[in-house]
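**Q** Quick note on this note's numbering: the sequence shown kicks off at 321 and runs consecutively.
Note that beta-carbon positions come from the ideal geometry of N, C-alpha and C, so glycine has one too.
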Amino acid sequence: MSDLFHASKGALAVALVLVIAVALLIPMSATAQTGKSTSNPPAQAWTKKTPDGQPDLQGFWSSQTNTPLERDVRCGTKEFWTDEEMANGIRTCGAPTGAGRGQRGAGPGADGGQRGRGQRSNGEVDPHYDTAQYGLNLRTMAVNNRTSLIIGPEGRIPPLSPVGEKRQAELAQQRTSFDSAESRALTERCIVWNAQGPPMMSPGYNSNVQIVQSEGHVMILPEMMQDARIIPLKPRSRLSENVRLWGGDSQGHWEGDTLVVETTNFNGRNAFQRVGSEKMRLTERFKRLDETTLVYEFTIDDPVWTKPWTVQVPWAKSQGPMFEYACHEGNYGMVDILSGARATEKAAVEAAKKAK
């Protein structure tokens with residue numbers, strides 16, 4: 321009786337295993353019958369949530385990319401490289417043209433903006449200290465098939481408006497003085513780094529960002545300058561037009577799984593792309609695609625340009641923690657700039673004395 325009982329239990333267990341196995345195989349069979357490849361299934365929606373139910377964007381991310389900000393003019397309206405072109409390393413439209421506007425972007429190279437930091441002209445990976453610090457494999461950085469980070473048929477920064485041309489000339493004139501530290505660029509003075517944003521651009525190195533979420537706020541900490549940006553998610557009154565901030569006044573909200581952040585009230589002193597003004601209106605979107613990829617997108621609406629324009633940057637998961645960016649402590653450049661200017665002035669005085 322005992323042996324029969326145990327034998328029955330064993331048979332029942334085997335039957336249950338078979339039922340479960342068949343149930344698991346049914347979806348696989350259905351997928352196979354649709355003709356879709358199981359070796360490369362479509363990306364599934366990211367579902368991980370924070371304890372309070374928000375889409376989870378937290379962690380350390382790298383914005384490092386080899387995609388130029390602006391599309392090479394020779395590519396015309398070609399928005400994407402084909403999979404075959406990407407596989408063969410073909411990311412150029414014609415012969416190199418040397419320096420030009422197309423070089424401006426995230427880690428541009430001398431070939432019209434197609435080569436970025438961490439990649440040699442022969443396609444080999446160039447060692448970089450981000451790799452050692454953060455375990456970032458430059459071969460597996462977040463990439464897409466876009467020909468430029470600026471999305472849309474033009475793929476380039478719109479022309480400046482008359483207001484923008486005037487502002488650009490005025491700001492350029494301000495950067496020619498070496499009289500004092502106050503006359504130098506904000507980055508040289510370790511006050512603010514243009515790439516740290518908002519909006520955030522890939523500086524080409526130290527391209528790491530940390531995101532931390534709480535119930536009512538999102539904190540974004542860029543590695544450059546490490547000025548923590550705390551974004552409220554609950555509706556509140558916006559600042560008065562008379563209050564202007566380096567990073568503007570940000571307000572966030574969720575649209576499905578996408579964090580949308582709208583920012584106004586910039587002080588205009590940290591001019592985006594060396595021309596952005598205090599009237600800039602910025603809309604940022606953060607959407608996590610999977611365990612290792614987050615898409616950061618922003619739209620600039622500023623009267624210095626003839627129309628709004630949008631940038632999309634894929635971020636790759638990185639390892640933490642981030643290290644201190646000791647800008648002031650290591651700012652020998654400012655000392656050398658000012659001492660060089662004083663030496664030039666002294667030489668001019670001595671030359672004038674000899675000429676008398």
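Please list the terminal residues of the continuous beta strand (DSSP E) segment that includes Q639.
**A** The residue you call residue 639 lines up with position 319 of the sequence shown. Segment: none, Q639 is in no beta strand (DSSP E) and carries neither H nor E.
**Q** My assumption, with CB atoms under 8 Å, is that E617 sits in contact with T630. Please give the rounded CB distance.
**A** Taking the sequence shown and counting its residues from 1, the one referred to as residue 617 is at position 297. Taking the sequence shown and counting its residues from 1, the one referred to as residue 630 is at position 310. Indeed they touch by this definition, with Cβ atoms about 7 Å apart.
**Q** May I ask you to verify whether the segment 384-392 touches the segment 467-474, counting CB pairs closer than 8 Å and requiring at least 3?
**A** Judged by Cβ distances under 8 Å, the segment 384-392 makes contact with the segment 467-474, as three or more pairs qualify.
**Q** May I have a chain-ordered list of the beta strand (DSSP E) segments no shorter than 3 residues that lie completely inside the segment 491-536?
**A** The qualifying runs are 528-533.
**Q** My understanding is that Q593 touches V615, with C-beta atoms under 8 Å, so please give their C-beta distance in whole angstroms.
**A** For this step, residue 593 is matched to residue 273 along the sequence shown. For this step, residue 615 is matched to residue 295 along the sequence shown. Not confirmed; about 21 Å, so no contact.
**Q** Using 10 angstroms around the beta-carbon of E665, count the other beta-carbons present and answer buried if the total reaches 16, otherwise exposed.
**A** What you label residue 665 is simply residue 345 of the sequence shown in a count that begins at 1. With fewer than 16 other Cβ atoms within 10 Å, it is exposed.
**Q** Can you grab the Cα-Cα spacing for the pair I540 / R549, in whole Å?
**A** Counting from one through the sequence shown, the residue named residue 540 turns up at place 220. Counting from one through the sequence shown, the residue named residue 549 turns up at place 229. Roughly 5 Å separates the two Cα atoms.
**Q** Just the Cα atoms here: how many angstroms apart are K627 and E474?
**A** To locate residue 627, count along the sequence shown from 1; it is residue 307. To locate residue 474, count along the sequence shown from 1; it is residue 154. Between K627 and E474, the C-alpha separation is close to 12 Å.
**Q** For V580, which residues from the same chain have a beta carbon less than 6 Å from its beta carbon, with the 5 sequence-adjacent residues on both sides left out?
**A** The count along the sequence shown starts at 1 and reaches residue 580 at position 260. Taken in chain order, the residues that qualify are H573, R605.
**Q** Please name the residue in G396, G596, R589 whose C-alpha comes closest to that of E485.
**A** Residue numbering aside, residue 485 sits at position 165 when the sequence shown is read from its first letter. Measuring from the Cα of E485, the nearest candidate turns out to be G596.
**Q** Who does D621 pair with in a DSSP beta bridge?
**A** Along the sequence shown, one-based indexing puts residue 621 at 301. According to DSSP, D621 bridges with R601.
**Q** Apply the 10 Å Cβ neighbour rule to I410 and answer buried if 16 or more other Cβ atoms are within range, or exposed otherwise.
**A** Against the sequence shown, residue 410 aligns to sequence position 90. When all chains shown are included, I410 counts as exposed.
**Q** Assess, as a yes-or-no matter, whether the segment 649-663 is touched by the segment 520-529 under the definition of 3 or more beta carbon pairs within less than 8 Å.
**A** No: the two stretches stay apart, fewer than three of their Cβ pairs being nearer than 8 Å.
**Q** Could you tell me the boundaries of the alpha helix (DSSP H) in which I657 lies?
**A** The sequence position of residue 657 within the sequence shown is 337, counting from 1. First-last of the alpha helix (DSSP H) with I657: 652-675.
**Q** Quick one, which of A407, N464, D569 has its alpha-carbon nearest R556's?
**A** As a position in the sequence shown, residue 556 is number 236, starting the count at 1. For R556, the nearest C-alpha among the options comes from D569.
**Q** Does chain D have any CB closer than 9 Å to the CB of V580?
**A** Note that chain D does not occur in the displayed structure, where there is just one protein chain.
**Q** Starting from D577, follow the alpha helix (DSSP H) in both directions and report where the run begins and ends.
**A** As a working mapping, residue 577 is identified with position 257 in the sequence shown. It is not in any alpha helix (DSSP H) - D577 carries neither H nor E in the DSSP assignment.
**Q** Take N360 and list the residues in its own chain whose beta-carbon comes closer than 7 Å to its own, dropping the five residues that flank it on each side.
**A** For the purposes of this step, residue 360 is identified with residue 40 of the sequence shown, where counting begins at 1. Only weak support is given to the placement of N360: the predicted model assigns it a pLDDT of 38, under 50, and the value that follows is read from those uncertain coordinates. Taken in chain order, the list of residues that qualify is empty.
**Q** Give the straight-line distance between the Cα atoms of E670 and Q493, rounded to the nearest whole angstrom.
**A** In the sequence shown, residue 670 corresponds to position 350, counting from 1. In the sequence shown, residue 493 corresponds to position 173, counting from 1. C-alpha separation (whole angstroms): 28 Å.
**Q** Quick one: grab the DSSP three-state call for D403.
**A** To locate residue 403, count along the sequence shown from 1; it is residue 83. Here D403 sits in helix by DSSP.
**Q** I think L602 touches P518, with their Cβ atoms under 8 Å apart; what is that distance to the nearest whole Å?
**A** As a first step, residue 602 must be located in the sequence shown, where it is residue number 282. As a first step, residue 518 must be located in the sequence shown, where it is residue number 198. Their Cβ separation, rounded to whole angstroms, is 6 Å, which keeps L602 and P518 in contact under 8 Å.
**Q** For the beta strand (DSSP E) that W381 lies in, which residues bound it at each end?
**A** As a position in the sequence shown, residue 381 is number 61, starting the count at 1. Where W381 is concerned, the enclosing beta strand (DSSP E) stretches over 379-382.
**Q** Check each candidate in W625, E490, G653, N464 and name the one with the smallest Cα separation from L480.
**A** Locating residue 480 in the sequence shown gives position 160, where the first residue counts as 1. The shortest Cα separation from L480 among W625, E490, G653, N464 belongs to W625.
**Q** Which of helix, strand or coil does DSSP assign to R394?
**A** Sequence index remark: in the sequence shown, residue 394 carries index 74 (1-based). Reduced to three states, the DSSP call for R394 is helix.
**Q** Grab me the residues of G472's own chain with a C-beta within less than 7 Å of its C-beta, minus the 5 sequence neighbours each way, in chain order.
**A** Sequence index remark: in the sequence shown, residue 472 carries index 152 (1-based). Within the same chain, G472 has close Cβ partners T630.
**Q** What is the residue span of the beta strand (DSSP E) that R589 lies within?
**A** For the purposes of this step, residue 589 is taken as the residue at position 269 of the sequence shown. No beta strand (DSSP E) contains R589, which DSSP labels as neither H nor E.
**Q** Taking the beta carbon of F400 as the centre, do at least 16 other beta carbons fall within 10 Å, making it buried, or is it exposed?
**A** Position 80 of the sequence shown, counted from the start, is the residue given in the question as residue 400. F400 comes out exposed.
**Q** Between the alpha carbons of P634 and S383, how many angstroms are there, rounded?
**A** The residue given as residue 634 occupies position 314 in the sequence shown. The residue given as residue 383 occupies position 63 in the sequence shown. Computed Cα separation, rounded: 7 Å.
**Q** Check the C-beta distance from N528 over to W366 and give it rounded, since I have them as a contact under 8 Å.
**A** Your numbering for residue 528 matches position 208 in the sequence shown. Your numbering for residue 366 matches position 46 in the sequence shown. Going by Cβ atoms, the distance from N528 to W366 rounds to 21 Å, so no, they are not a contact pair.
**Q** Where does R558 land, buried or exposed, given buried means 16+ other C-beta within 10 angstroms?
**A** Stepping through the sequence shown from its first residue, residue 558 is reached at position 238. Exposed: under 16 other Cβ atoms inside 10 Å.
**Q** Between the C-alpha atoms of G684 and M520, what's the straight-line distance to the nearest angstrom?
**A** Nothing about residue 684 can be reported from this structure: the residues present for the chain run from 321 to 676 only.
**Q** Can you tell me where the beta strand (DSSP E) holding V549 begins and where it ends?
**A** Indexing the sequence shown from 1 puts residue 549 at position 229. According to the sequence as given, residue 549 is Arg; it is not Val. 549-552 is the span of the beta strand (DSSP E), which, as asked, contains R549.
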